[in-house]
Amino acid sequence: MAVGIRPETRLAVDAHPEVERGIVVSDRMVTSDPDILAVGECTEHQGQLFGLVAPLYDQA
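Just remember that our numbering sits 42 ahead of the position in the sequence shown, which is counted from 1.
In structure tokens:
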């Protein structure tokens with residue numbers, strides 16, 4: 043049974059990029075701070091939070 047995930051975003055909140063359900067990223071994996079890139083299960087792209095490993099291969 044899977045009940046979902048909750049990304050650990052405290053570090054991101056302290057760094058001040060936009061965080062909703064995950065760290066919000068653009069199509070190029072850039073956060074609201076252009077000096078910070080994010081990939082992985084903690085990212086939210088176009089309102090989607092995947093929490094799966096397979097989409098990470100596309101992000102890389």
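Ideal Cβ positions, reconstructed from N, Cα and C, are used throughout, including at glycine.
### Query
Roughly how many angstroms lie between the CA atoms of S68 and C84, to the nearest whole one?
Position 26 of the sequence shown holds residue 68. Position 42 of the sequence shown holds residue 84. Each residue's Cα considered, the two are about 14 Å apart.
### Task
Determine, using beta carbons only, whether V81 and S74 come nearer to each other than 8 Å.
In the sequence shown, counting from the first residue as 1, residue 81 sits at position 39. In the sequence shown, counting from the first residue as 1, residue 74 sits at position 32. Result no, Cβ atoms of V81 and S74 do not sit closer than 8 Å.
### N- and C-terminal bounds of the beta strand (DSSP E) containing V66
For the purposes of this step, residue 66 is taken as residue 24 along the sequence shown, with counting starting at 1. In the DSSP annotation of this structure, the continuous segment of the beta strand (DSSP E) that includes V66 starts and ends at I65 to V67.
### Message
Can you look up L79 in the DSSP assignment and give me helix, strand or coil?
### Response
Taking the sequence shown and counting its residues from 1, one reaches residue 79 at position 37. In the structure shown, L79 sits in a strand (DSSP, three-state: E or B).
### Task
Sort out for me which residues DSSP pairs T85 with in a bridge.
Sequence index remark: in the sequence shown, residue 85 carries index 43 (1-based). Beta-bridge pairing links T85 to I65.
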